[in-house]
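Beneath this line is the structure, given in structure tokens, with notes to follow.
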Amino acid sequence: MRYYIDTDDGDARVIDEAGFDLPGPLEARTTAIDALPDMARQKIPNGDDRTFTVSVRNEAGGVIYSAELVMTGTWHIPRPQEG
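According to the UniProt record's numbering, the sequence shown is numbered sequentially starting from 1.
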């Protein structure tokens, strides 16, 4: 079955137009969850607070699963100056 994994990194929402051929919904869930850490690694330098989301659509276009990863950073000293 074909599944589509849409992502949102807080700046851009990407609608998956190509999709993935996967055996079933459990594998689609795993593929979606695996995308979250990669998304976070790409955006961490741009800020301390961000929510990353993924959703899985089936061939009919219905959302069957969604997940989010929330990153929150807090300084415990005065914030250092950049540059």
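Using N, Cα and C, we set each Cβ at its ideal position, and we do this for glycine too.
Check: Could you compute how far the alpha carbon of G73 sits from the alpha carbon of F52?; Outcome: 14 Å
Check: From the DSSP output, in three-state form, read off M71 for me.; Outcome: strand
Check: According to DSSP, which residues form a beta bridge with D49?; Outcome: T72
Check: What whole-angstrom Cβ distance do L22 and Y3 have, given they're in contact under 8 Å?; Outcome: 5 Å
Check: Quick one: Cα of G83 to Cα of G62, how far?; Outcome: 46 Å
Check: Suppose the cutoff is 7 Å on Cβ atoms and the five residues either side in sequence are ignored; what does the same chain contact list for W75 look like?; Outcome: none
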